[in-house]
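**Student:** One structure, pasted below without further comment.
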Amino acid sequence: MPEQGSKAPSWWRRFRWLYAARCTVACVVTLVAVAVIVRAVVVMLRPEKLQLKLAGGRVAVDYIPSLPPPRNVVVFRVLLRANNPGGRATIVYANVTVRLTDASAGPAATITEFDLPQRIDVAQRMAHEATAVAELEPGEDLPMRYVRTLYEGRGVAGAEMELSGVLSTHTAMATTSVLTTYYCWPVTIAVVAGDSAADVPCFDKLDAPAHV
């Protein structure tokens, strides 16, 4: 006579199988939900891209009628066009330093360096223009060979402009800030009367072409 309990009833076996199947489905659903939440958080916290262009692809220099220049300064003017194509965050680019390099010199020589006076603040799907005016002292802020070149009206072609600052994205959930450098090339530094040339795009380190 077989012992009682040696075999589980068929209904019990079906119940255990159904219970295991339900547990498996619940685990899969939970994992998918967690993955969706994590992805949403990552997307929300990911810094937005700020698009920057140098207007006319040039740094404009005020006319220099004599050497030494009037008031012993050379005036550089930069106009940056910023665009925030995203729809979820306000972007602020602050504490920006502008560095101009003579890419034709070997090795590349620093022409000058100055700060943007104001931060670049761009709301969602908006554009903004930022202007910087720098008064540079010949020989100290600006090497004399470039002062003479500008005085003679020859200018500097093929220069590179580097922008370094703190890029912050502000969303409803959080604010993220990262040190970000943009490279603009080719840039012309010259005494100009108008601005008819095309804008030059500026790329961050990840997107910059190999030549910059």
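Counting from 1, position 21 in the sequence shown corresponds to residue 1301 in this note's numbering; the numbering is continuous, with no gaps.
The beta carbon of each residue, even a glycine, is placed where N, CA and C say it ideally should be.
Note that the structure is predicted; figures quoted are calculated from it, not measured.
Going by DSSP, name the residue or residues bridged to Val-1467.
**Tutor:** Ala-1439
**Student:** What's the gap between the Cα of Val-1467 and the Cα of Val-1354?
**Tutor:** Their Cα atoms are separated by approximately 18 angstroms.
**Student:** Is Ala-1403 near Asn-1364, with beta carbons less than 8 angstroms apart?
**Tutor:** yes
**Student:** Between Ile-1344 and Leu-1334, what straight-line distance do the alpha-carbon atoms span, to the nearest angstrom?
**Tutor:** 23 angstroms
**Student:** Return the CA-CA distance between Arg-1326 and Thr-1456, expressed in angstroms with no decimal places.
**Tutor:** Because Arg-1326 sits at a pLDDT of 48, beneath the cut-off of 50, its placement in the model cannot be relied upon, and the point is left open.
**Student:** Please report the distance separating the alpha-carbon of Tyr-1426 from that of Ser-1448.
**Tutor:** 35 angstroms
**Student:** What number of angstroms, rounded off, separates the C-alpha of Ala-1437 from the C-alpha of Arg-1405?
**Tutor:** 33 angstroms
**Student:** From the DSSP output, in three-state form, read off Leu-1334 for me.
**Tutor:** strand
**Student:** Work out the CA separation of Tyr-1463 and Leu-1416 for me, nearest whole Å.
**Tutor:** When only Cα atoms are considered, Leu-1416 and Tyr-1463 end up about 22 angstroms apart.
**Student:** By DSSP's criteria, Pro-1418 is part of a beta bridge. Which residues make up the other side?
**Tutor:** Leu-1422
**Student:** Where does Pro-1481 fall in DSSP's three states?
**Tutor:** strand
**Student:** Looking at the structure shown, is Tyr-1431 part of a helix, part of a strand, or coil, going by DSSP?
**Tutor:** If DSSP states are grouped into helix, strand and coil, Tyr-1431 belongs with the helices.
**Student:** With 16 as the cutoff for other CB atoms within 10 Å, does Glu-1440 come out buried or exposed?
**Tutor:** The residue in question, Glu-1440, is buried, as its Cβ has 16 or more Cβ neighbours within 10 Å.
**Student:** Tell me, please, which residues DSSP counts as bridged to Leu-1360.
**Tutor:** Leu-1334, Ala-1410
**Student:** Could you tell me the distance, in whole angstroms, from the CA atom of Leu-1380 to the CA atom of Val-1358?
**Tutor:** 11 angstroms
**Student:** With Thr-1451 as the anchor, note down where its beta strand (DSSP E) starts and where it stops.
**Tutor:** Unbroken run through Thr-1451: none, as it is neither H nor E.
**Student:** Can you check DSSP and say which residues form a bridge with Leu-1459?
**Tutor:** According to DSSP, which records beta bridges pairwise, Leu-1459 is partnered with Val-1446.
**Student:** So the candidates are Leu-1360, Phe-1356, Met-1453; which of them puts its Cα closest to the Cα of Ala-1407?
**Tutor:** It is Leu-1360 whose Cα lies nearest to the Cα of Ala-1407.
**Student:** Go ahead and pull the three-state DSSP assignment for Arg-1368.
**Tutor:** coil
**Student:** Secondary structure at Arg-1351, three-state DSSP: helix, strand or coil?
**Tutor:** Looking at Arg-1351 - three-state DSSP - the assignment turns out to be helix.
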